[in-house]
Every structure is written in C-alpha cells, then in structure tokens.
Amino acid sequence: MISSTRVGILVGAVLALTWIVLGFWAFVLVAGAMLVGGLAGRIMDGKLNVRGVVDAVRGKRSSS
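Counting in numbering that gives the first Met the number 0, the sequence shown runs from 0 upward without gaps.
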C-alpha cells in the first residue's frame with residue numbers, strides 16, 4: 000500500500016512541474032482535474048457521503 004505521504008509528494012511534484020513547464024492556467028486545470036478524480040474515487044469507494052456534502056453546501060447542519 001502506498002502511504003499518504005508518498006501520494007502527497009507525487010501530487011505536489013506533478014502540480015509543480017505542470018506550473019513550471021506549462022504555466023499557471025495549466026496548473027489550475029490539472030489541479031481541478033485531480034480534485035474531481037479524487038472526489039469520484041471516494042464516491043465510488045463509498046468513503047464520501049454525497050448527501051452530506053450537498054447538505055453542507057446548502058448550509059444545513061448535520062447531527063453527526
């Protein structure tokens with residue numbers, strides 16, 4: 000299993016290289032794609048409660 004530290008280092012390296020080689024807007028695009036991919040993966044693994052996220056965005060409080 001890959002540790003969270005190594006994943007974080009890899010993500011940081013990819014984002015830094017993207018910024019250096021392709022510029023700021025490519026960096027923003029890559030970071031956004033990584034965020035969407037990460038959220039999709041957590042939803043598919045069942046580790047993210049989509050209803051809870053939607054409620055939080057709407058300003059509803061949860062009891063848990």
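Each residue gets a CB set at the ideal place from its N, CA and C atoms; glycine is no exception. Bear in mind that the values here come from a model prediction, so they are computed numbers and not experimental data.
Please confirm whether Val10 and Met43 have their CB atoms less than 8 Å apart. The residue you call residue 10 lines up with position 11 of the sequence shown. The residue you call residue 43 lines up with position 44 of the sequence shown. No; because the gap between Cβ atoms is not below 8 Å, this pair is not in contact.
Taking Met33 as part of the alpha helix (DSSP H), name the residues at either end of that continuous run. Here residue 33 refers to the residue found at position 34 of the sequence shown. Here the alpha helix (DSSP H) through Met33 covers Phe23 to Asp44.
When the Cα atoms are used, what is the spatial distance from Val13 to Gly40? For the purposes of this step, residue 13 is identified with residue 14 of the sequence shown, where counting begins at 1. For the purposes of this step, residue 40 is identified with residue 41 of the sequence shown, where counting begins at 1. Approximately 19 Å, taken between the alpha carbons.
Is it true that the CB of Thr17 sits closer than 8 Å to the CB of Val35? Against the sequence shown, residue 35 aligns to sequence position 36. Against the sequence shown, residue 17 aligns to sequence position 18. Not a contact, by the Cβ cut-off of 8 Å.
Quick check on DSSP: helix, strand or coil for Gly3? Position 4 of the sequence shown, counted from the first residue, corresponds to residue 3. According to the sequence shown, residue 3 is Ser rather than Gly. Ser3 falls in the helix class under three-state DSSP.
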